[in-house]
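Chemist: Quick note, the sequences are listed as chains A and B, same order.
Using numbering that gives the first Met the number 0, the letters of the first sequence correspond one by one to residues 0 to 201.
Using numbering that gives the first Met the number 0, the letters of the second sequence correspond one by one to residues 0 to 201.
Protein chains: 2
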Amino acid sequence: MPRKTDKRVRLIEAAKVLIHRQGFNLTTLADIAQEADVPLGNVYYYFKTKEAIGEAVIEKRAGEIAEYLTKLEENSDPRARLLSLLHINTEELELIARYGCSVGGLCQELGKQGGSLADQAAKLLHDLLTWSETQFKSLGFGEKSYDLALNLVSNIQGMYLLTHTFKDPKLAIRQAKTIQDWLEKLIASSKTGSTSRSAEVA
Amino acid sequence: MPRKTDKRVRLIEAAKVLIHRQGFNLTTLADIAQEADVPLGNVYYYFKTKEAIGEAVIEKRAGEIAEYLTKLEENSDPRARLLSLLHINTEELELIARYGCSVGGLCQELGKQGGSLADQAAKLLHDLLTWSETQFKSLGFGEKSYDLALNLVSNIQGMYLLTHTFKDPKLAIRQAKTIQDWLEKLIASSKTGSTSRSAEVA
C-alpha cells in the first residue's frame with residue numbers, strides 16, 4: 000500500500016522523533032530516511048543538509064508550541080493557563096524521563112556549537128517565556144512579570160532535566176506540585192491586593 | 000621542553016574541557032589526544048574506548064564536586080553553605096553561558112542513550128541533591144528536606160539551562176537572586192520556629 004503522506008512531512012516527523020530520542024548530533028540523514036521510510040537519495044531533494052532538516056524540525060516544534068499555547072488561551076483565566084503548564088500527562092512524563100525535554104535538550108545540545116540553529120532553538124524557550132510573562136502581566140504583576148516568568152520556565156526546565164537524569168517520572172510529579180504550590184500562593188496573595196506592591200518571585 | 004605532567008592526567012583534563020565545550024558525542028579520541036598534546040597511539044595505552052575516558056572524566060568531576068562541597072562545609076552554618084551554591088563567579092558564569100552546566104549538560108546528553116555512563120553522570124547530580132538535603136536537615140526541615148533540596152537543585156539546573164540557551168550571564172544573576180530570596184525567606188521562617196510544622200517548599 001503506497002503511503003500517501005507527503006514525504007517532506009514524514010521526514011520532518013521522523014527527524015523530530017529521532018532528534019528527541021538520540022539528540023541532533025547522533026542523528027544522521029540515513030537514520031531519518033530509514034525512520035521515515037523514504038529512500039536516502041530522495042532526502043536530498045527535500046533537505047540538502049542535516050542543518051536544513053534541523054531547521055524544519057525546530058519550525059515544526061515552534062508551530063506545536065504556538066498551537067499548545069493558543070489552546071491554553073481558550074481558558075479565560077491566566078492563572079489556569081499558567082497552571083496548565085504543570086499538567087503533564089503520563090505519556091509525556093515517560094518520554095521526558097527517557098529522553099528529556101524535547102525543547103530544553105535541543106537548546107542544551109545546539110547551544111554548545113552556537114550558530115543560527117542554536118538561535119532558532121532558543122527562540123522556542125523564548126516563546127514560552129514571553130507567553131508566561133504575558134500571563135503574569137494579565138494577573139497584575141506588572142514589572143515583576145518577567146522575573147516570575149523566568150522563575151517558572153527555569154523551574155520547569157530544571158524539573159525536566161532532573162526527571163530525565165534520574166529517569167523518574169515521579170520526580171516530575173513531586174516537583175510540579177512544589178512549583179504549583181508556589182504559583183497558587185503567589186497568585187492568591189496578588190488577589191488579596193498586596194502583590195502589586197510586594198509580589199515575591201520565589 | 001618535555002612535559003612532566005602525567006599523560007593520563009593530561010588526557011582526562013583535555014577530555015573534561017572538550018566534553019564540556021562540544022559535548023561527549025562530538026568529541027573524538029583524536030580531539031582529546033590533540034588537546035592533551037599526546038600522540039593518538041598513546042591514548043589507547045591509557046583508554047581503550049571513548050567510554051573509558053568518559054568514565055574517568057565523570058570520576059574527576061565527582062572528585063571536584065566532593066572537594067567543593069567539603070570546602071563549603073568549612074562554614075559551620077548550613078544556611079551559608081546552601082547560599083554558596085548560588086554564588087557563581089564571573090568566569091564560571093561566562094563558561095555556563097557559552098557551554099552550559101558541565102554536569103547538567105552531561106546528564107542531558109548521556110541520559111538519552113542510557114547505560115552505565117549515564118548512570119555515573121546522574122550520580123553527580125545525585126551527590127549535589129543528597130548534600131543539599133543534608134543541609135536542609137541540619138536546618139531542621141526534617142521530612143521536607145528532600146523536596147526542598149530537589150527544588151533547589153532543580154531550580155539551579157533550570158537557571159543554568161536558560162543562561163546557556165540565551166547566552167546571557169545576567170539571566171543567571173537575576174534568577175540566582177530569585178532563588179536566594181526564596182532560600183533566605185524559607186530559612187528565616189524556620190528560625191521563627193514555625194517551619195517545622197509548615198515549611199513551604201516554594
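Every residue gets a Cβ at the ideal spot worked out from N, C-alpha and C, and that includes glycine.
Sorry if obvious, but does the Cβ on D76/B come closer than 7 Å to a heavy atom of the ligand NAD?
Modeler: By its list of ligands, the structure shown contains no ligand whatsoever, and the ligand NAD lies outside what it can speak to.
Chemist: Could you spell out the range, first to last residue, of the alpha helix (DSSP H) harbouring V152/B?
Modeler: Segment 144-164, the alpha helix (DSSP H) holding V152/B.
Chemist: Using a 10 Å radius around the Cβ and a threshold of 16 neighbouring Cβ atoms, would you call G40/A buried or exposed?
Modeler: G40/A should be labelled exposed.
Chemist: Nearest-angstrom Cα distance between G99/A and L149/A?
Modeler: Computed Cα separation, rounded: 20 Å.
Chemist: Please give me, in chain order, every unbroken run of the alpha helix (DSSP H) with length at least 4 that falls completely inside the segment 55-86 of chain A.
Modeler: 77-83, all fully within the segment 55-86 of chain A.
Chemist: Assuming T162/B and L170/B form a contact by the criterion Cβ under 8 Å, report the distance between their Cβ atoms to the nearest whole angstrom.
Modeler: Confirmed, about 5 Å.
Chemist: Quick check: what's the CA-CA separation for I52/B versus Q107/A?
Modeler: Rounded to whole angstroms, I52/B to Q107/A spans 22 Å at the Cα level.
Chemist: Looking at C-alpha atoms only, which residue of D76/B, E50/B, L94/B is the closest neighbour of A117/B?
Modeler: Here the closest residue by C-alpha is E50/B.
Chemist: Specify, as a first and last residue, the run of the alpha helix (DSSP H) that C106/A falls within.
Modeler: It spans 101-112 - the alpha helix (DSSP H) in which C106/A sits, taken as one unbroken run.
Chemist: Does the distance from the CB of L105/A to the CB of F46/A come in under 8 Å?
Modeler: No, the pair does not count as a contact, with Cβ atoms beyond the cut-off.
Chemist: Taking just the CA atoms, how far does R78/B sit from K203/B?
Modeler: Past the edges of chain B, shown from 0 to 201, lies residue 203/B, and the structure says nothing about it.
Chemist: Indicate whether S153/B and G103/A have their beta-carbon atoms separated by less than 8 Å.
Modeler: Not closer than 8 Å, so no.
Chemist: Counting C-beta neighbours from all protein chains within 10 Å, is the total for S101/A 16 or more, i.e. buried, or is it exposed?
Modeler: Buried, since its Cβ has 16 or more Cβ neighbours within 10 Å.
Chemist: CA-CA distance, K190/A and F140/A?
Modeler: The alpha-carbon atoms of K190/A and F140/A are separated by roughly 11 Å.
Chemist: For A35/B and T26/B, which I take to be in contact (beta-carbon distance under 8 Å), what is that distance rounded to the nearest angstrom?
Modeler: About 12 Å separates the two Cβ atoms, so there is no contact after all.
Chemist: Between which two residues does the alpha helix (DSSP H) holding K6/A run?
Modeler: That run of the alpha helix (DSSP H) goes 6-21.
Chemist: Do you know whose CA, among K111/A, D146/A, S115/A, D180/A, lies nearest L160/B's CA?
Modeler: Closest by alpha carbon: K111/A.
Chemist: Where does the unbroken alpha helix (DSSP H) through T48/A begin, and where does it stop?
Modeler: Segment: none, T48/A is in no alpha helix (DSSP H) and carries neither H nor E.
Chemist: Secondary structure at F140/B, three-state DSSP: helix, strand or coil?
Modeler: Reduced to three states, the DSSP call for F140/B is coil.
Chemist: Taking all protein chains shown into account, decide if S75/A is buried (16 or more other Cβ within 10 angstroms of its Cβ) or exposed.
Modeler: When all chains shown are included, S75/A counts as exposed.
Chemist: Quick one: is N41/A near chain B, going by C-beta distance under 8 Å?
Modeler: It does not; no Cβ of chain B falls within 8 Å.
Chemist: Which stretch, first to last residue, makes up the alpha helix (DSSP H) that contains D180/A?
Modeler: Unbroken alpha helix (DSSP H) run through D180/A: 168-190.
Chemist: What in chain B is Cβ-close to A121/A, meaning under 7 Å?
Modeler: Correct list: T164, F165.
Chemist: Of all the options I186/B, S188/B, A187/B, Q174/B, which has the alpha carbon lying nearest to the alpha carbon of H86/B?
Modeler: Selected option, being the one with the closest Cα: Q174/B.
Chemist: Comparing the C-beta of L124/A with each C-beta of chain B, is any distance below 8 Å?
Modeler: Yes - at least one Cβ of chain B is within 8 Å of the one on L124/A.
Chemist: At 9 Å on the CB atoms, spell out the chain B contacts of V152/A, in chain order.
Modeler: Ordered by position in chain B, the residues that pass the 9 Å Cβ test against V152/A are G157, L161.
Chemist: State buried or exposed for E132/A, treating a residue as buried only when at least 16 other CB atoms are found within 10 Å of its CB.
Modeler: Per the 10 Å Cβ criterion, buried.
Chemist: Please classify D146/B as buried or exposed, where buried requires at least 16 other C-beta atoms within 10 Å of its C-beta.
Modeler: Its Cβ being crowded by 16 or more others within 10 Å, D146/B is buried.
Chemist: Near I178/A, what residues of its chain come up, given a Cβ to Cβ distance below 8 Å and the 5 sequence neighbours on each side ignored?
Modeler: Within the same chain, I178/A has close Cβ partners L85, L151, N154, I155, M158.
Chemist: Please identify, using Cβ separations under 9 Å, the residues of the segment 57-85 of chain A that lie next to chain B, in order along the chain.
Modeler: Within the segment 57-85 of chain A, no residue has a Cβ that lies closer than 9 Å to any Cβ of chain B.
Chemist: Locate the alpha helix (DSSP H) running through D30/B, then write down its first and last residues.
Modeler: First-last of the alpha helix (DSSP H) with D30/B: 28-35.
Chemist: Where do the N-terminal and C-terminal ends of the alpha helix (DSSP H) with L94/B fall, by residue?
Modeler: Unbroken alpha helix (DSSP H) run through L94/B: 89-98.
Chemist: Would you say D279/A and A55/A are within 8 Å of each other, going by their C-beta atoms?
Modeler: Absent from the model: residue 279/A. The displayed extent of chain A is 0 to 201, so no value can be given.
Chemist: Residues in the segment 101-112 of chain B with C-beta within 8 Å of chain A's C-beta atoms, listed in sequence order?
Modeler: Answer set for the segment 101-112 of chain B: G103, G104, C106, Q107, E108, G110, K111, Q112.
Chemist: Is N24/A helix, strand or coil by DSSP?
Modeler: Residue state, collapsed to three classes: coil.
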